[in-house]
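Counting in this note's numbering, the sequence shown runs from 9 upward without gaps.
These notes are about the structure you will find just below.
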Amino acid sequence: MNSRETEIMPDKFSSLPPAEATPPAKPGWREVWRVYLEAATLRMLALGFSAGLPLLLVFGTLSFWLREAGIDRTTIGYLSWVGLAYGFKWVWAPLVDRLPIPLLTRWLGRRRSWLLAAQLTIIAALVLMALTDPKVALQPVIWCALAVAFGSATQDIALDAYRIESANIERQAALAAAYQTGYRMAMIWSGAGALWIAARSEIAGAAAYQPGAWQAAYLAMAASMLVGVVTVLFSPEPALRAREADDHEIAATHARFAANGIPLYGVVLFATGLLLGLDLVGPGWLLLGGALLANYLVLLLPYLSPEGLISMAMLLFVSYLLELMLYGLLIVGLARSGLRIWIPSALVPIATWFNHAFYLPFADFLRRYGRQALLILALIAIYRISDVVMGIMANPFYVDMGYTKDEVAMVTKIYGVIMTLVGAFVGGGLAMRFGVMRVLMLGAVLSAGSNLLFAWLGSRGHDVTSLIFVISADNLSSGIASAAFIAYLSSLTNINYSATQYALFSSMMLLLPKTLAGYSGAFVDAFGYSNFFTATALLGVPVLVLIALASRSAKLNATPAP
């Protein structure tokens with residue numbers, strides 16, 4: 009943090025060291041390995057498994073099931089929007105952080121009660137999904153997938169808070185590593201494992217699509233969530249933090265709101281969160297220009313050339329990005345104007361609670377980074393856009409290319425996850441040696457470039473060797489990019505608001521990409537897989553520009569004033 013920021017910020021807004029800061033002295037190897045045998049680390053391994061299990065069950069594995077059931081690609085693309093629950097978890101993250109659950113919180117404590125409630129929601133939704141055939145009734149499957157995504161996102165919020173409060177800062181890296189290992193193991197099980205169970209549950213000589221096989225697979229996944237349930241029940245609740253300072257600040261805010269009214273920008277933020285949280289307005293319709301352009305683009309799909317469609321997609325992407333930045337500028341302008349509005353005294357306690365639960369974590373980020381904040385948020389919003397937009401069509405691509413469930417399970421789920429872990433270790437080492445921003449740039453280049461390999465794979469026909477090569481390269485690049493990106497997000501987070509701020513950052517990471525991914529099926533239907541994979545690679549070009557600008561801005565701010 010530079011000297012100018014230190015002057016305007018109180019101690020309570022101190023943050024984690026920036027990504028490029030000199031790392032602290034490292035412990036010896038014996039001490040490092042001993043940490044991984046501690047009870048807290050082993051608990052995080054099991055909880056990481058519980059967190060990673062639902063993801064593919066509403067994305068990749070579900071899309072495989074739906075395609076085999078005869079659901080068209082356009083519908084599968086639109087159904088990827090159930091993943092927007094992960095993109096909006098920042099809306100209810102402060103509720104998970106502060107609100108108790110009747111009876112459960114008194115029994116288990118605040119963190120474990122939310123973890124258990126989220127896990128039980130996931131189990132119930134997976135069981136109901138298993139008992140429904142999408143070929144006969146698609147809508148119940150959609151509602152169950154939404155419930156799984158919502159429960160999974162809530163579990164992520166509670167688990168982040170549980171991890172942060174369960175150990176000191178020196179142990180956080182070990183807990184995070186254990187969490188990632190459990191998470192990736194769960195992805196293998198919910199991806200390759202679910203496909204393997206479905207394949208082994210099929211009756212030889214029967215129809216190509218057998219809903220009973222998928223029922224067995226999803227019931228097995230629901231039972232696997234018991235790993236997390238048992239871990240929560242037998243884990244200790246983290247010690248409650250002292251809240252004397254918070255109580256004093258809440259009382260001061262209450263008095264200020266009662267005397268002077270509430271800030272106008274707070275009303276705008278509250279209205280935005282309410283509309284999104286209650287699903288009264290979709291994210292695209294809050295960004296009206298981008299939404300209108302998107303609908304217009306869908307109507308023009310049959311009439312545009314591939315080059316024209318790529319240009320329109322880039323225009324849509326820039327439109328969404330500019331409107332997000334304009335919204336940010338509006339909030340900053342209203343905050344600096346000092347405009348306030350009066351509210352009835354009965355609403356003052358509600359406004360005070362909202363201010364401390366929702367506003368302060370976000371205001372802290374804007375205070376610390378000032379003008380850089382919009383650039384940083386734009387980079388977070390689009391960094392993984394190439395991967396996410398392409399990924400939703402990957403499994404339908406494998407089905408249409410004639411790969412069997414066993415081939416997909418072996419190559420994409422086992423080789424892919426292993427190469428992702430290798431990439432994560434490589435990315436972490438490169439980030440320590442060369443700096444986070446350089447590896448961010450490398451990861452963005454590799455992620456966009458690997459999408460072009462899928463276009464090449466489409467010309468190879470049913471070629472398992474080429475599939476292994478492409479999937480390995482794609483997941484290696486994804487692992488490198490993920491390692492650098494997690495390190496970058498961690499450097500932006502204030503330890504006092506880590507759960508809510510991390511929920512905001514991780515939500516923004518998926519919001520725009522998931523919105524665009526909903527149109528992926530329509531694009532493939534109109535122009536084929538090759539043009540689709542090329543277009544997703546081109547989406548990575550603005551990411552490179554933003555990384556260069558963010559890196560330059562960080563270097564300028566790190567330079568001491570003369």
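Cβ coordinates follow ideal geometry from the N, Cα and C atoms, glycine included.
Given a cut-off of 7 angstroms on the beta-carbon distance, is the pair residue i and residue j in contact?
i, j, result
"Ile555", "Leu460", "no"
"Glu210", "Ala200", "no"
"Ala491", "Gly435", "yes"
"Arg192", "Gly529", "no"
"Gly336", "Leu382", "yes"
"Val149", "Thr162", "no"
"Ala194", "Ala206", "no"
"Ser515", "Trp98", "yes"
"Ser561", "Gln380", "yes"
"Leu465", "Val478", "yes"
"Tyr537", "Phe405", "yes"
"Gly526", "Trp151", "no"
"Ala230", "Ile84", "no"
"Leu355", "Val419", "no"
"Ile388", "Met517", "yes"
"Thr49", "Ala169", "no"
"Met135", "Pro62", "The amino acid at residue 135 is misidentified as Met; the sequence shows Val. Contact: no."
"Thr3", "Thr280", "Nothing can be reported for residue 3: it is not among the residues displayed for the chain, which extend from 9 to 570."
"Ala54", "Val235", "yes"
"Val66", "Ala153", "yes"
"Asn403", "Gly68", "yes"
Consider the C-beta atom of residue i and the heavy atoms of the ligand NAP; say whether any pair is separated by less than 6 angstroms.
i, result
"Leu92", "The ligand NAP is not among the ligands present in this structure, which contains no ligands whatsoever."
Apply the 10 Å Cβ neighbour rule to residue i and answer buried if 16 or more other Cβ atoms are within range, or exposed otherwise.
i, result
"Asn363", "buried"
"Ile339", "buried"
"Asp414", "exposed"
"Val549", "exposed"
"Asn483", "buried"
"Ser467", "exposed"
"Phe242", "exposed"
"Leu334", "exposed"
"Pro108", "exposed"
"Ser174", "buried"
"Gln188", "buried"
"Ile358", "exposed"
"Ala247", "exposed"
"Pro142", "buried"
"Arg392", "buried"
"Val238", "exposed"
"Val472", "exposed"
"Gln147", "exposed"
"Pro244", "exposed"
"Trp115", "exposed"
"Ile346", "First, the residue type needs correcting, since residue 346 is Gly and not Ile in the sequence shown. Label assigned to Gly346: exposed."
"Gly56", "buried"
"Ala259", "exposed"
Pop quiz: residue i and residue j are said to be a contact at Cβ under 8 angstroms. What is the actual Cβ separation, rounded to whole angstroms?
i, j, result
"Ile270", "Ile349", "6 angstroms"
"Arg119", "Ala59", "Actually they do not touch by this definition, with Cβ atoms about 14 angstroms apart."
"Ile488", "Gly410", "So it is not a contact: roughly 31 angstroms between Cβ atoms."
"Pro352", "Thr508", "Going by Cβ atoms, the distance from Pro352 to Thr508 rounds to 28 angstroms, so no, they are not a contact pair."
"Phe366", "Pro110", "22 angstroms between Cβ atoms; not a contact."
"Leu74", "Ala417", "Contact doesn't hold; Cβ gap of about 17 angstroms is too wide."
"Leu497", "Val397", "Not confirmed; about 20 angstroms, so no contact."
"Val407", "Glu76", "7 angstroms"
"Arg171", "Met52", "6 angstroms"
"Val551", "Phe540", "Wrong, their Cβ atoms sit about 18 angstroms apart, outside the cutoff."
"Ala545", "Ile384", "Contact flag wrong, Cβ pair sits at about 24 angstroms."
What would DSSP say about residue i, mapped onto helix, strand or coil?
i, result
"Pro271", "strand"
"Gly341", "helix"
"Leu450", "helix"
"Ser561", "helix"
"Lys143", "coil"
"Val289", "Its pLDDT being 49, under 50, Val289 is placed unreliably in this model, and the value from its coordinates should be taken loosely. DSSP places Val289 in coil when its eight states are reduced to three."
"Arg392", "coil"
"Met233", "coil"
"Leu296", "The predicted model places Leu296 with a pLDDT of 48, which falls under 50 and marks its position as unreliable; any figure quoted below should be read in that light. Correct three-state label for Leu296: helix."
"Gln218", "coil"
"Ile555", "helix"
"Phe494", "One detail in the question is off: residue 494 reads as Ile in this sequence, not Phe. Reduced to three states, the DSSP call for Ile494 is helix."
"Ala109", "Contrary to the premise, residue 109 reads as Ile rather than Ala in this sequence. Coil."
"Phe513", "helix"
"His470", "coil"
"Glu76", "helix"
"Pro404", "helix"
Name, in chain order, the residues that DSSP records as bridge partners for residue i.
i, result
"Ile349", "Ile270"
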